[in-house]
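Protein chains: 2
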Amino acid sequence: MDKVTIMDVANEVGVSKTTISRYLNGHFDRINAHTREKIKQAIDEMGYVPNQQARTLKAKHSHLIGLVVADMANLYSSFLIRGIQNVLREHDYSLLIVDSANSLTNEKKALTQLMASNVDGIILQPLSVNSQDYQFLVESNTNVVLVDRQTRPTVWSSVTADNFSASREMALALAKQKYQRIIFISLASDSSTTHALRYEGLQKVAQQKSILLDALEVTDNDLTDLDRLLKATPHTKTALFAVNGQLLIACLQWLQEHHYVIPNDIGITGYDDSELGAVLSPGISTIDQNPQEIGQATARLLFEYIGGKRGHEDAEVASKLTLRHSF
Amino acid sequence: MDKVTIMDVANEVGVSKTTISRYLNGHFDRINAHTREKIKQAIDEMGYVPNQQARTLKAKHSHLIGLVVADMANLYSSFLIRGIQNVLREHDYSLLIVDSANSLTNEKKALTQLMASNVDGIILQPLSVNSQDYQFLVESNTNVVLVDRQTRPTVWSSVTADNFSASREMALALAKQKYQRIIFISLASDSSTTHALRYEGLQKVAQQKSILLDALEVTDNDLTDLDRLLKATPHTKTALFAVNGQLLIACLQWLQEHHYVIPNDIGITGYDDSELGAVLSPGISTIDQNPQEIGQATARLLFEYIGGKRGHEDAEVASKLTLRHSF
DNA sequence: CTGTTAGCGCGTTCAA
DNA sequence: TTGAACGCGCTAACAG
């Protein structure tokens, strides 16, 4: 059952393959309406589908977009992908996905691989903050849009959540409840701009309202240090702020094990990827980044780049704050 | 900054492109050790990466695997992808992913698209139980392995969770706790073999132990019918069994809103994708499918197919039951 | 409106 | 051990 080629169709209809090619690429003004109809029929009957790689070889686009996510085992990635696909579908593009799994080696390999596949553009959730680590990508002249995180100094457009302002909003809500102290909990391994911005959002409010702001850097979700931190200032109304969904869960578990009652003994809030906040009792006040919309915005931006050569742009997608009863 | 081609490397080294090609494909026995070294250096210096599509055009493999997932917005998909990528990495393959988003139209389009991209194999989480719906795929002679679900009648190998036995195990645990009634909660829209097998797992135990087994089919996570069902038999020790993570969450929320206390008033268990069971209080007893391992097993099976032409096989990956305190 | 011709980058006979 | 020449399936001048 050999694949049917453009030549087969041409023979069937009795024209040259050029005509078929014109049909495929929508140059209808250069084809007789009658032959056009015959071509359409032949294609349907024979089940002909043009060979993508042969097309790419000639034309300068592959109809392929590459995506490199930092950590696939994550609902954020899922929704991001779904968002991207939503707009790729409209443009008839396919998505090549690679999981760098938080390894720089993997990431570099992934990027090279994507370039070798002649992708028309790359969406990258970068592992490094340092633009120099992507020098080879810059030189290759590939269309790149960063997502979720940025690199320094600025070289590519990016789409991120409104990390600073969303965190500030949440801090404001905390302030309104007379919290005197916020413990910002993040991963020691993570030096992304994203997490820095979230911290700064809190910081801004903390300064204005004279709230104590501590930062706890954690490895492997190990929260043992939290105990000491909490006991150091026993009579201070304290809230935890988890910088991502994974840590939020870890905190919740830790609090439960240590018999803290939320929100009586301690307040908690943070970023949530899995809509956990709604299920848990008491409802947890959380920030939802809207990854699906981020994905869509990123893909759109990339297409504008590929198409009309649009200038640099750092877009922010609004997060959704849901206030429940965890503080 | 034009891409460097095999010709450029050939000129640099001062040999013909044939020799370079031989080097690329590992035919070292046909190259002088000296020129071989020179080629290696030139490639490194020039940063040459062979053009994938040009390669594919000639050779009969694209080093591309296609994946069609039923619903991307799901942790199951994430882990599945991660598992698949783990083994693709070893084989130097790329992954083309499409989200059929529970739409048969999308799925068909996705499959066609993948075939047009000359993927060497397809991993499909099928939306339809009916093999006839994939007739075009069968005819195309593509290497296909089904994942998570099967189609009838059997045409392709598959890798799924051990739905029947895991559900049976859980039912056994329920029986041990003297539950008199189990309500199986599933989506009305879902007619997959997967869910059927889970039901049958429960059924087996229900018959042996004279437990009442009801099935509640739900639309849009709307559980209003559950109320009536529960009130019909007030003094029967009842447990809910949610067929997937989404429904488990929905049930949990519903119970909370209706002030049921777990496990005193009612027991609950089911399939969980998001490791929710551990965080919620009281810990929920759940079944975890191990999607990452399923992904790995699927990819391996596919490669065995592509390579040595292995026979039909329906593999099952063991799920993990975690008993906590929800019944 | 249509066909002829010449590659895109690479792999592969067939000769040397 | 190496190279010349052809073709994979398709697109894009350039003629007609």
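Residue numbers (this note's numbering), protein chains in the order written: chain A, 418 to 744; chain B, 418 to 744.
Note that CB positions come from ideal geometry on N, CA and C, so glycine has one too.
Note that the coordinates shown come from a computational prediction; the quantities given were computed from them, not determined experimentally.
Opposing strand residues paired with residue i [DSSP bridges]
i	result
Asn547(A)	Arg569(A)
Gly684(B)	Ala656(B)
Gly483(B)	Leu513(B) and Ile539(B)
Val564(B)	Val576(B)
Leu604(B)	Val635(B)
Ala588(A)	Looking at the DSSP assignment, Ala588(A) forms no beta bridge with any residue, so it has no partner.
Val734(A)	Ala578(A)
Arg598(B)	Leu629(B) and Thr655(B)
Span of the alpha helix (DSSP H), counted from its first residue to its last, around residue i
i	result
Thr435(B)	Lys434 to Leu441
Thr703(A)	Premise fails: Thr703(A) lies in the beta strand (DSSP E), Ser702 to Asp705, not in any alpha helix (DSSP H).
Ala667(B)	Gly662 to Glu674
Thr422(A)	It is not in any alpha helix (DSSP H) - Thr422(A) carries neither H nor E in the DSSP assignment.
Glu692(B)	Per DSSP, Glu692(B) belongs to no alpha helix (DSSP H) and is neither H nor E.
Ala450(A)	Ala450 to Met463
Phe720(B)	Pro708 to Ile723
His612(B)	Thr610 to Lys626
Ser495(A)	Leu492 to His508
Lys477(B)	It is not in any alpha helix (DSSP H) - Lys477(B) carries neither H nor E in the DSSP assignment.
Thr641(A)	Thr641 to Ala649
Beta-carbon proximity of residue i to residue j, cut-off 8 Å
i	j	result
Ile701(B)	Ile685(B)	yes
Leu646(B)	Leu633(B)	yes
His451(B)	Asp537(B)	no
Leu657(A)	Ile683(A)	yes
Ser534(A)	Gln530(B)	no
Ser517(A)	Val485(A)	yes
Arg615(A)	Val546(A)	no
Leu544(A)	Leu563(A)	no
Ser548(A)	Arg566(A)	no
Leu738(B)	Ile704(B)	yes
Thr611(B)	Asn580(B)	yes
Tyr596(B)	Lys654(B)	yes
Leu505(A)	Gly483(A)	no
Phe744(B)	Pro651(B)	no
Trp671(B)	Leu640(B)	yes
Gly623(B)	Ile600(B)	Residue 623(B) is actually Ala in this sequence, not Gly. No, the Cβ-Cβ distance between Ala623(B) and Ile600(B) is not below 8 Å.
Ala578(B)	Gly618(B)	no
Val395(A)	Ala613(A)	Past the edges of chain A, shown from 418 to 744, lies residue 395(A), and the structure says nothing about it.
Gln713(B)	Asn449(B)	no
Leu474(B)	Leu481(A)	no
Residue range of the beta strand (DSSP E) that includes residue i
i	result
Val635(B)	Leu629 to Val635
Ser534(A)	Looking at the DSSP string, Ser534(A) is not in any beta strand (DSSP E), and its letter there is neither H nor E.
Ser557(A)	Element bounds for Ser557(A): not the beta strand (DSSP E) but the alpha helix (DSSP H), Gln552 to Ser557.
Thr739(B)	Lys737 to Thr739
Quick check: the stretch 679 to 693 of chain B against the stretch 709 to 721 of chain B, are there 3 or more CB pairs under 8 Å? no
Assess, as a yes-or-no matter, whether the stretch 489 to 509 of chain A is touched by the stretch 482 to 492 of chain B under the definition of 3 or more beta carbon pairs within less than 8 Å. Look at the beta carbons and you see the stretch 482 to 492 of chain B touching the stretch 489 to 509 of chain A: at least three pairs across the two are nearer than 8 Å.
Do the stretch 711 to 723 of chain B and the stretch 560 to 579 of chain B meet, that is, are 3 or more Cβ pairs less than 8 Å apart? These segments touch.
Taking any Cβ of chain A, which residues in the stretch 467 to 479 of chain B have a Cβ under 8 Å from it, in chain order? Pro467, Asn468, Gln469, Gln470, Ala471, Thr473, Leu474 and Ser479
Contact between the stretch 444 to 462 of chain A and the stretch 423 to 430 of chain A: three or more CB pairs below 8 Å? yes
Output, in sequence order along the chain, the residues in the stretch 522 to 542 of chain A whose CB is closer than 7 Å to any CB in chain B. Thr529, Gln530, Met532, Ala533, Ser534 and Asn535
Any contact of the stretch 724 to 739 of chain A with the stretch 427 to 443 of chain B, i.e. 3+ C-beta pairs under 8 Å? no
The stretch 580 to 595 of chain B in contact with the stretch 619 to 630 of chain B per 3-pair CB rule at 8 Å: yes
Could you name the residues of the stretch 703 to 720 of chain B whose beta carbon sits closer than 8 Å to any beta carbon of chain A, in the order they occur along the chain? When CB distances to chain A are screened at a threshold of 8 Å, the residues of the stretch 703 to 720 of chain B falling below it are Gln709, in chain order.
Select from the stretch 486 to 505 of chain B all residues with a C-beta closer than 7 Å to any C-beta belonging to chain A, and list them in chain order. Met489, Ala490, Asn491, Leu492, Ser494, Ser495, Phe496, Ile498, Arg499 and Gln502
Check distances from the C-beta atoms of the stretch 446 to 459 of chain B to those of chain A and list, in chain order, the residues that come in under 7 Å. none
Near-chain A residues of the stretch 659 to 684 of chain B (beta-carbon distance less than 8 Å), N- to C-terminal order: Ile666, Leu669, Gln670 and Gln673
Contact list for the stretch 506 to 519 of chain B against chain A, Cβ threshold 9 Å: Arg506, Asp509, Ser511, Leu512, Leu513, Ile514, Val515, Asp516 and Ala518
Closer than 8 Å, Cβ to Cβ, to anything on chain A: give me those residues from the stretch 543 to 566 of chain B, in chain order. Phe553, Glu556, Ser557 and Asn558
Contact residues within the stretch 685 to 699 of chain A, judged by C-beta distance below 9 Å to chain B: Ser691, Glu692, Leu693, Ala695, Val696, Leu697 and Ser698
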